[in-house]
Amino acid sequence: DCLLMPIWHNLARFATSAEGRDMSGTRHIIVTFDQSDWDVFRSRHGDAALAGANIPRLFGLVRNIVPVQVEAGKLIYQLHDISDRRAAQEQLQFAAYHAGLTSLPNRRALEERIGEMVAPVGRPERFALLQLTLDRFAMITGTYGHAVGDRLLQVVSSWLLNALAECGERVLLYRFSGASWVVVLAGDVAAQRTTTLAERLLGLATAHLDCDGRELTVPCSIGATLFPDDGQTPELLLRNVDAALRAARDA
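In the working numbering, the protein residues as written are 142 to 392.
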């Protein structure tokens, strides 16, 4: 809690506190200090310990520390705690850039990442996009239900992450849409490496996936595209990798 930030360990020994919420749900903490203990604290740390400029450093998630009452032998301070609001903002930010079922970065995150890669300071670096999709996902959900389908998406995401784990940190996995994922391969994008990675991912088609006790195999297809050979904007690259995927499915 806010009173357990480093410099406040000593102060917390002297203080008593009460907690409540206002009509908006914001949490407030009233901290009461005995005058004698407050004087001891000030003598050890100085008035600067409570200076406004130090509040973000000392309280991180707390805003507005102000004296609200001075009584004989007492000092009462009110701290406006915004940790709940900050946590809610962080949750919204995470949800905006991650897929709900798998917690993988989503299409929005992918598009922004590609945008950064095609427009860097200096010479752009070559990279490849590989899009993988499950060919019979609709049939699986129609046969076993949407709960099994959702679980399958989680299992496939874990399988792909494990398959990419040995490829280095320059290989990134995104949940693109539905039963489709995109891999960004940066650095060495020679044809042989891209082909090797695609073959590794196609191993998914022969894997026996355990979906809560139900063993499934899922045919899949992969399409690939290269920057800058096949496009120089996020929109064109994603359109071309989707076209390559459809061509692979129809072959």
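From the three backbone atoms N, C-alpha and C, an ideal C-beta is built for every residue, glycine too.
Along the chain, where does the alpha helix (DSSP H) that runs through residue i open and close?
i      : result
Thr336 : Ala332 to Leu343
Gln373 : Looking at the DSSP string, Gln373 is not in any alpha helix (DSSP H), and its letter there is neither H nor E.
Leu302 : His287 to Leu305
Relative to the C-alpha of residue i, which residue among the options is closest?
i      : options                           : result
Arg267 : Gly372, Arg387, Leu377 and Asp391 : Gly372
Thr374 : Cys352, Val259, Arg341 and Glu253 : Val259
Asn247 : His287, Ile281 and Ala320         : Ala320
Val323 : Gly290, Gly309 and Leu378         : Leu378
Cys308 : Leu386, Leu275, Thr337 and Gln272 : Thr337
Ala339 : Leu273, Asp391 and Val382         : Leu273
Gly328 : Pro265, Gln232 and Asp225         : Pro265
Val382 : Met280, Gln333 and Ile255         : Ile255
Glu257 : Asp391, Arg380, Glu376 and Ala332 : Glu376
Glu252 : Leu314, Cys352 and Ala332         : Leu314
His287 : Leu233, Gln234 and Cys352         : Cys352
Is it the case that the Cβ atoms of residue i and residue j are separated by a distance below 7 Å?
i      : j      : result
Leu302 : Thr366 : no
Pro360 : Ala346 : yes
Val312 : Leu326 : yes
Ser184 : Leu245 : no
Thr282 : Gly290 : yes
Arg341 : Ala389 : no
Leu386 : Gly354 : no
Val296 : Leu350 : yes
Arg292 : Thr243 : no
Tyr238 : Ala228 : no
Ser362 : Asp225 : no
For the beta strand (DSSP E) containing residue i, list its first residue and its last residue.
i      : result
Asp351 : Leu350 to Cys352
Arg355 : Arg355 to Leu357
Arg316 : Val312 to Ser318
Leu326 : Ser321 to Ala327
For residue i, write down the residues that DSSP places opposite it in a beta bridge.
i      : result
Ala388 : In DSSP, Ala388 forms no bridge with anything.
Thr366 : Leu270
Cys361 : Leu275
Should residue i be counted as a contact of the ligand FAD given a C-beta to heavy atom distance under 6 Å?
i      : result
Ala269 : The ligand FAD is absent from the structure shown, which contains no ligands of any kind.
Segments of 4+ residues assigned as alpha helix (DSSP H) that fall wholly inside the segment 245 to 278:
248 to 259
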